[in-house]
Each structure stands twice: as structure tokens, then as C-alpha cells.
Amino acid sequence: MAQHKWKLGEEILTTNSGAKVSWENERFFKIFFQGKTFYGEVEEADTESGTMTVKVNHRSFQLKRELPIHVLLSELGLDKVAEKKLDELRSPMPGKVLHIHVQPGDVIQTGSSLLTLEAMKMENVIKAEGTGTVKSILVGVNDIAEKGALLIKFE
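Here it is in C-alpha cells:
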């Protein structure tokens with residue numbers, strides 16, 4: 001009997017049991033296992049990544065099919081998302097610096113708020129597009145920054 005590997009959260013499940021699935025339609029199904037019936041619904045499915053969210057007996061679960069290619073990519077270390085290392089932040093637009101959210105020495109993660117620029121009466125929160133540590137801040141609150149001006153250096 002063939003074994004199937006699935007990830008339930010971070011737990012790897014291997015099945016080769018006598019569980020049976022009966023599909024009502026493309027969305028609803030029943031699982032018969034060890035004399036019990038479980039009612040399920042596919043809430044979301046992504047065939048490209050092999051992931052799906054299913055609801056079984058009113059509980060939602062994230063499942064991921066563990067295919068041989070996934071195991072190989074993991075063994076090669078190619079399943080990790082590459083993070084961009086920040087070097088500097090330049091102003092994406094001309095504007096007035098309203099607020100600086102970081103200070104030298106802060107460790108920055110992708111998506112961290114760095115500073116707020118006012119441009120055309122709109123406040124724009126500039127967020128980090130990578131990771132790094134703030135080395136120096138080259139502007140102050142109420143300074144006017146031209147497009148492309150160097151605002152923050154990272155190490």
C-alpha cells in the first residue's frame with residue numbers, strides 16, 4: 001500500500017491506512033476511518049503549492065501535500081525564502097519627513113515601518129523591503145527630502 005505524506009501545520013503525517021473518502025461534490029466530503037464518519041469541506045485549495053484549508057467536524061486545518069520534489073528541495077536548502085539585506089533607504093518621492101519610526105541600532109525586519117513622508121497632503125509610511133540594522137539616520141523630522149535622497153543607512 002502506498003504511503004502519503006502530508007503536513008498538518010508543522011507536523012508531518014504519514015498515512016497508509018484504510019481511510020476512505022467519499023466526495024459529495026467538489027467541495028464537501030466524508031471521511032470514514034476506524035468506524036467513525038467525519039464531515040469535511042474544502043475551504044481553499046492551491047494545487048500549485050499543494051496546500052489546502054479544510055474544515056472537518058467544524059475545525060479548520062491547513063494541509064500541505066509532501067511530494068518527493070518538496071523533500072528534495074528541502075534537503076538542498078532551496079525551500080527557504082531568500083531575504084533581502086538592506087543597505088540604504090532612499091526617498092521614493094519628494095516629501096516632508098513627518099515621523100521617524102526607528103533609531104540607530106534597531107534591528108529591522110521586512111515590513112517594519114521606517115519613516116512617514118508627507119507628499120501631496122498624503123501621509124506615506126515607508127516600510128522596509130528587507131532586513132538589517134539601522135546604522136544612521138540622515139534626516140530629521142520636518143526635513144524636506146527630494147526623490148532619491150539618502151534617508152537611512154543600514155549595516
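For the sequence shown, position 140 (counting from the first letter as 1) is numbered 140 according to full-length UniProt numbering, and the numbering increases by one without interruption. Just so you know, even glycine gets a beta-carbon here, dropped at the ideal spot from N, CA and C.
Terminal residues of the beta strand (DSSP E) in which residue i lies
i: Gly89; result: It should be noted that the sequence gives Leu, not Gly, for residue 89. Counting along the chain, the beta strand (DSSP E) containing Leu89 begins and ends at 88 to 90.
i: Arg59; result: 59 to 65
i: Gly105; result: Note, Gly105: premise wrong, no beta strand (DSSP E); not H, not E.
i: Lys85; result: Note, Lys85: premise wrong, no beta strand (DSSP E); not H, not E.
Whole-number beta carbon distance between residue j and residue i, since they are thought to touch under 8 Å
i: Leu98; j: Thr116; result: 4 Å
i: Leu73; j: Ile108; result: That belief does not hold up - the Cβ atoms of Leu73 and Ile108 are roughly 28 Å apart, past 8 Å.
CB of residue i within 8 Å of CB of residue j, strictly
i: Ser91; j: Ala149; result: yes
i: Glu44; j: Lys55; result: no
i: Thr131; j: Glu88; result: no
i: Lys64; j: Gly50; result: yes
i: Glu118; j: Lys153; result: no
i: Pro104; j: Lys147; result: no
i: Tyr39; j: Asn57; result: yes
8 Å Cβ shell around residue i - same chain, five flanking residues per side excluded
i: Thr37; result: Lys30, Ile31
i: Glu129; result: Lys84, Leu86, Thr110
i: Thr133; result: Gly105, Asp106, Val107, Ile108, Phe154, Glu155
Neighbourhood of residue i by C-beta distance below 6 Å, restricted to the same chain and skipping five residues each side
i: Val21; result: Phe29, Ile31
i: Asn142; result: none
Boundaries (first-last residue) of the alpha helix (DSSP H) holding residue i
i: Val71; result: 68 to 75
Neighbourhood of residue i by C-beta, 7 Å cutoff - its chain only, sequence neighbours within 5 removed
i: Leu151; result: Leu89, Arg90, Ser91, Leu115, Leu138, Val139, Ala145
i: Ile100; result: Leu115, Ile137, Val141
| message | For the segment 66 to 83 against the segment 120 to 127, do three or more pairs of beta-carbon atoms, one drawn from each stretch, fall closer than 8 Å, so that the two count as touching? | response | Under the 8 Å Cβ criterion, the segment 66 to 83 does not count as touching the segment 120 to 127, having fewer than three qualifying pairs.
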